[in-house]
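The next block holds one structure in the form of structure tokens; read it before the comments.
Chains as they are written, first to last, in our numbering: chain A, 5 to 304; chain B, 32 to 251.
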């Protein structure tokens, strides 16, 4: 139940790192090839890092013909991250995918300018294009992420990936100009952990579908906390850059942290961050959601 | 690629730079031009450093304290420990007939190890100031120039196999002057092993990840 966050690992360049995970998530694939943004594309900050890679990828056709068959040979479940600039583009890529374990819909890349259609509309279009499990990756920047989670669940998502990066900016202290060529970028690393915990916590109370939690995980305890907030699986992002062996270390740490709390399995911690009151409110909210026009405006 | 936690033997000033000497342990030194990701204490990301000297059971890195990560590395003391990942990337092709090493500023870092592996080779080095040029002591016998004179002014007439590392304008100039030169490029990178796509640079209209396709690339 440890994955990599999309864009944080190339399984073909580092297959041994990919094999240390329970599933490999690809970099986001778009219909057309993309070179991504110009350099400089990464910058470290005091509590994390910024990236503005910009969805660099070989495009759908080259991915399907060249990359995917080689990924499937690695012998681990492959999740394909799908991006696009319209619901139809997302759906076309989903329809073309076979034999993969799941599809993650990147509904929230902070490094492209185009405003996508609504997350629910994209999920609905993809739902009618594939039977494969669909995970919706949401941005933590939303005013009410639980609202978005309910919407993609209603549109047919099988799970959520929480969270994508936050938009951030770093300035060069000498010139006071942005470090990244593109200006702002996606902020990840340790600073993102409380943001991820809040998003997972809010969405777990709002939806029934499983959640892959990610954001600033660098230890077994970080992973256990995301599970306690409601995640069923955990993805590693920035930590893989500094420690390619992080999956092994974090899996061991997670087992030790669970055992130290008399939990038979790390997933036994799932939901422990929620009080019983909150969980009952969330169930009520879900039931009420099915009745049009009778949706609670405020949930726990 | 291996990641090991090793002990600092010494951190010695060389002009404005610091020569960080680390116990090698079971790590391979790799080919000159290859690099290691060095854990920068207290920072989120490690820093890429090419091997400067590899002898006596040590790996040595020349560090220019230009930011918080490199400053943290320069402040390490004997006995401190840090993680090293490597060797990474593609080094210089050592199968050359008439080598000439060309270095600029902190770009001289991989040249002492390169010179050691080649036996002996002439070297020309360029620096920003007399203080920076103190690092030329790492390459005894090298010809040295200081700005406003650039290393390209010291290039000999006769044909050489140029192996170079230095600032981008220097490499760009060498690319034009010596089309078959081997050039070691530099870019900010988060991982060093092809995961982050941060170090992709456009060369001849194509994006290359310097960490896995470089850092040493043929000029032409």
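From the three backbone atoms N, C-alpha and C, an ideal C-beta is built for every residue, glycine too.
Flagged as an interface residue toward chain B: residue 52(A), by a C-beta distance shorter than 8 Å.
Residues of chain B with a Cβ closer than 8 Å to the Cβ of residue 13(A) are, in chain order, 226. Counting only runs of 3+ residues, the beta strand (DSSP E) found wholly inside the stretch 84-165 of chain B occupies 84-86, 89-94, 112-119, 130-135 and 154-158, in chain order. Here the alpha carbons of residue 34(B) and residue 83(A) stand approximately 27 Å from one another.
At a cut-off of 8 Å, the C-beta of residue 229(B) has a neighbouring C-beta in chain A.
Burial check for residue 216(B): the Cβ neighbour count within 10 Å reaches 16 or more, so the residue is buried. When secondary structure is reduced to three states using DSSP, residue 190(A) falls in the strand class. Sequence-distant partners of residue 254(A) (beyond 5 residues in either direction) whose C-beta falls short of 6 Å from its own C-beta, in its chain, are 224 and 227. DSSP, reduced to helix, strand and coil, places residue 211(A) outside both helices and strands of the structure shown, so it counts as coil.
In the DSSP assignment, residue 226(A) falls outside any beta strand (DSSP E) and lies within the alpha helix (DSSP H) extending over 224-233.
Only residues of its own chain outside the window of five on either side were considered, and among them 54, 55 and 56 have a CB closer than 6 Å to the CB of residue 189(A), listed in chain order. At a cut-off of 8 Å, the C-beta of residue 100(B) has a neighbouring C-beta in chain A. With a cutoff of 8 Å on beta-carbon distance, residue 223(B) and residue 196(B) are scored as not near each other. Residues of chain A whose Cβ lies closer than 7 Å to the Cβ of residue 221(B) are, in chain order, 46, 53 and 245. Within a 10 Å sphere around the beta-carbon of residue 180(B) sit fewer than 16 other beta-carbons, which makes this residue exposed. At the C-beta level, residue 156(A) and residue 219(A) stay beyond 8 Å of one another. Looking only at 128(A), 13(A), 131(A) and 172(A), the smallest Cα-Cα distance to residue 145(A) is reached by 172(A). The beta carbon of residue 167(B) sits closer than 6 Å to the beta carbons of 156, 173 and 175 from its chain, once the five residues preceding and following it are set aside; these are given in chain order. Contact between the stretch 243-251 of chain A and the stretch 71-79 of chain B is present: 3 or more CB-CB pairs across the two stretches fall below 8 Å.
Residue 58(B) has a beta carbon lying at 8 Å or more from every beta carbon in chain A. Contact between the stretch 36-51 of chain A and the stretch 173-189 of chain A is established, with three or more Cβ pairs separated by less than 8 Å.
In this structure, the beta-carbon distance from residue 36(B) to residue 113(B) falls below 8 Å. The way I'd put it, the stretch 62-71 of chain B does touch the stretch 109-128 of chain B; three or more beta-carbon pairs between them come closer than 8 Å.
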